[in-house]
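From first to last, the protein sequence lines stand for chains R and W.
To convert, note that position 147 of the first sequence is 147 in the numbering used here; the numbers rise steadily by one, no gaps.
To convert, note that position 87 of the second sequence is 320 in the numbering used here; the numbers rise steadily by one, no gaps.
Since the structure comes first, as structure tokens, the remarks are kept for the end.
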Amino acid sequence: MRRPVLAALRADLAAKRPVVLVTHLGTGEARPVHPFDGDGEGVAPAVLEAARLAAQEDQSRAFESPEGRVFLRVYNPPVQVIIVGAVHVAQALAPMVQLVGYDVLVVDPRSAFATEARFPAVPLSTEWPDEALAGVGLGRRTAVVTMTHDPKIDDPALEAALRSESFYIGALGSKKTQAARRERLAGRGFDEAALARIHGPVGLSVGAVSTAEIAVAILAQVVACLRRGPAAR
Amino acid sequence: MLAAGAGGPVSAEDLYHEALVRLAQEAVGAGALPAPVSGAAPALQGSATVDNPLCGDRVTMEVRVEGGGIAALAHRVRGCVLCRASASLLGRAATGLGTAQVEAARGALSALLREGTPPPPGPLAGLDVFAPARASPSRHSCVLLPFDALQAALRDALARAFPQRDTR
Chain R
1 MRRPVLAALR ADLAAKRPVV LVTHLGTGEA RPVHPFDGDG EGVAPAVLEA
51 ARLAAQEDQS RAFESPEGRV FLRVYNPPVQ VIIVGAVHVA QALAPMVQLV
101 GYDVLVVDPR SAFATEARFP AVPLSTEWPD EALAGVGLGR RTAVVTMTHD
151 PKIDDPALEA ALRSESFYIG ALGSKKTQAA RRERLAGRGF DEAALARIHG
201 PVGLSVGAVS TAEIAVAILA QVVACLRRGP AAR
Chain W
234 MLAAGAGGPV SAEDLYHEAL VRLAQEAVGA GALPAPVSGA APALQGSATV
284 DNPLCGDRVT MEVRVEGGGI AALAHRVRGC VLCRASASLL GRAATGLGTA
334 QVEAARGALS ALLREGTPPP PGPLAGLDVF APARASPSRH SCVLLPFDAL
384 QAALRDALAR AFPQRDTR
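Right under this line is the structure:
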């Protein structure tokens with residue numbers, strides 16, 4: 001790999017921006033393509049579309065393009081699930097996220113809850129969510145789930161998530177809680193389309209009863225949105 | 234003043250009454266102190282951040298002391314309306330107070346919250362805006378947190394001014 005290409009890939013990964021290296025197998029010419037936020041960067045529309053699909057599915061592969069056979073090498077930043085609220089469901093969800101192979105971060109400024117004893121081997125932050133999220137950086141591979149039931153903690157996290165490209169935003173709480181939350185966020189200037197990005201009540205409908213089952217329902221929804229795109233509800 | 238019965242539940246309307254919400258919104262003293270001017274006589278300046286581990290409220294208080302009293306203070310609050318109103322009240326009333334007076338103010342506030350004791354007249358009379366919180370013991374720490382931060386910031390200022398020297 002040529003040094004400028006390597007540098008470009010590294011910069012993209014540091015910025016948590018998915019990138020696909022398109023290598024023409026006839027000529028050996030390689031160029032990084034941003035499948036979601038580029039202008040195509042000079043590749044044929046069919047190649048861009050194939051790169052998008054490959055990135056979505058996390059699958060590097062060869063592709064027969066109109067200009068010859070190319071290899072699509074996917075460089076995706078790691079998926080990270082940020083859980084706001086070091087609550088019971090979070091205690092079940094965090095290790096499940098790690099089992100699936102995603103990064104996890106539990107954020108809760110209430111330091112009595114965000115303790116290593118309650119979350120062994122789980123990265124924790126006791127900063128306020130907007131500060132913690134700004135430090136982490138949110139991108140297309142980030143999921144944010146709020147769980148504290150306390151607007152002063154949940155809302156700043158949701159606002160940060162809504163201003164980002166996070167592929168998943170979920171908020172624990174009843175339908176009544178969700179309605180009040182929508183009203184507050186609308187008052188902060190978020191329109192209907194933005195609010196529709198929030199999954200709430202959170203999780204796929206699997207009839208979850210226990211805290212661990214609720215965690216399964218949430219993680220299943222995260223996976224669905226990651227793999228099927230925003231259409232998965 | 235609003236009646237604050239101890240023991241009985243307090244409604245959100247009573248707890249977050251108009252004067253309290255207005256005080257929180259005014260956020261008197263919110264911000265940061267300018268850095269001490271170099272070359273000028275070294276001022277007594279200190280800061281402290283305290284938080285409530287159970288609700289996440291967090292207060293950073295900066296204070297400058299001159300002539301034994303608070304010359305200026307600034308605070309940054311992440312917290313509920315009660316906590317922000319309390320910091321705002323300090324921004325309005327704490328200038329000129331000495332360490333002992335701040336301690337007395339915290340004592341008066343604690344007595345108000347726990348026993349309903351009316352605050353003494355003077356700069357502390359405004360404390361009674363927190364009287365309705367008496368009925369919500371779990372919220373007392375929200376009101377007291379900015380006072381704790383101010384006391385810690387004053388201790389920090391003193392510690393900076395008089396660092397321990399080895400005695401010969």
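Beta carbons are placed, not taken as given, at the ideal position from N, Cα and C, and that holds for glycine.
Item: Identity of the residue in Asn285(W), His250(W), Gln278(W) nearest His373(W) by Cα; Value: Asn285(W)
Item: Neighbour-count burial assignment, Arg388(W), 16 or more Cβ in a 10 Å radius; Value: exposed
Item: Beta-carbon contacts of Leu277(W) that lie in its chain and below 8 angstroms, excluding the five residues immediately before and after; Value: Arg297, Val298, Glu299, Ala390, Leu391, Arg393, Ala394
Item: Where Arg393(W) sits in the DSSP three-state scheme; Value: helix
Item: Residue burial classification, Arg227(R) (beta-carbon count within 10 angstroms, cutoff 16); Value: exposed
Item: Coil, strand or helix - Ala244(R) by DSSP; Value: Past the boundaries of the shown model lies residue 244(R); chain R is included only from 1 to 233, so the question cannot be answered.
Item: Local conformation of Pro32(R) per DSSP, three classes; Value: strand
Item: Cβ-based burial, Arg291(W) [other Cβ within 10 Å; buried from 16]; Value: buried
Item: Validate contact between the region 61 to 72 of chain R and the region 185 to 193 of chain R using beta carbons, cut 8 angstroms, 3 pairs; Value: no
Item: Beta carbon of Val145(R) nearer than 8 angstroms to that of Val84(R); Value: yes
Item: CB-CB length for Pro35(R) against Asp12(R), believed under 8 angstroms; Value: Not quite, the Cβ-Cβ distance comes to about 11 angstroms (not below 8 angstroms), so this is no contact.
Item: His88(R), enclosing alpha helix (DSSP H) - first and last residue; Value: 88 to 100
Item: Below-8 angstroms beta-carbon distance, Pro109(R) vs any chain W residue; Value: yes
Item: Length-filtered (3 minimum) beta strand (DSSP E) runs lying within the region 244 to 314 of chain W; Value: 277 to 284, 291 to 299, 302 to 311
Item: CB contact check: Lys259(R) to chain W, cutoff 8 angstroms; Value: Past the edges of chain R, shown from 1 to 233, lies residue 259(R), and the structure says nothing about it.
Item: Limits of the beta strand (DSSP E) - the one that Thr23(R) falls within; Value: 19 to 24
Item: Tyr75(R) vs Leu9(R) beta-carbon contact at 8 angstroms; Value: yes
Item: 6 angstroms CB neighbourhood of Val376(W) in its chain, flanking five on each side removed; Value: Leu315, Ser319, Phe363, Ala366
Item: Nearest-angstrom Cα separation, counted from Ala305(W) out to Ala265(W); Value: 10 angstroms
Item: Under 7 angstroms (Cβ pairs) to chain W, residues found in the region 109 to 132 of chain R; Value: Pro109, Arg110, Ser111, Ala112, Trp128
Item: Neighbour list for Pro286(W) in chain R, Cβ cutoff strictly below 7 angstroms; Value: Arg110, Ser111, Ala112
Item: Alpha-carbon to alpha-carbon, Ala90(R) and Ala121(R); Value: 13 angstroms
Item: Below-8 angstroms beta-carbon distance, Cys313(W) vs any chain R residue; Value: yes
Item: Three-way DSSP call (helix, strand, coil) for Arg401(W) in this model; Value: Caution applies to Arg401(W), whose pLDDT of 47 falls short of 50 and renders its modelled position unreliable; the model cannot decide the point.
Item: Pair within 8 angstroms by beta-carbon distance, Ala160(R) and Leu138(R); Value: yes
Item: Range of the contiguous alpha helix (DSSP H) that encloses Ala180(R); Value: 175 to 187
Item: Cβ-based neighbour list, Gln221(R), same chain, cut-off 8 angstroms, excluding 5 preceding and 5 following; Value: Tyr168, Gly170, His199, Val202, Gly203, Leu204, Ala232
Item: Neighbourhood of Arg44(R) by C-beta distance below 8 angstroms, restricted to the same chain and skipping five residues each side; Value: Position check: residue 44(R) holds Ala in this sequence, whereas Arg was assumed. Within the same chain, Ala44(R) has close Cβ partners Ser65, Pro66, Glu67.
Item: Unbroken stretches of the alpha helix (DSSP H), 4 residues or longer, contained in the region 200 to 225 of chain R; Value: none
Item: Neighbour list for Ala291(W) in chain R, Cβ cutoff strictly below 8 angstroms; Value: Looking at the sequence shown, residue 291(W) is not Ala but Arg. Per Cβ cutoff of 8 angstroms: Pro109, Trp128.
Item: Secondary structure of Val84(R), DSSP reduced to three states; Value: strand
Item: Extent of the continuous beta strand (DSSP E) to which Glu336(W) belongs; Value: Here Glu336(W) belongs to no beta strand (DSSP E); instead the alpha helix (DSSP H) covers 332 to 348.
Item: DSSP-derived helix/strand/coil call for Phe63(R); Value: strand
Item: Own chain partners of Val100(R) with C-beta closer than 8 angstroms, once the 5 adjacent residues on each side are dropped; Value: Leu219, Val223
Item: Rounded separation between Glu251(W) and Asp361(W) - CA only; Value: 13 angstroms
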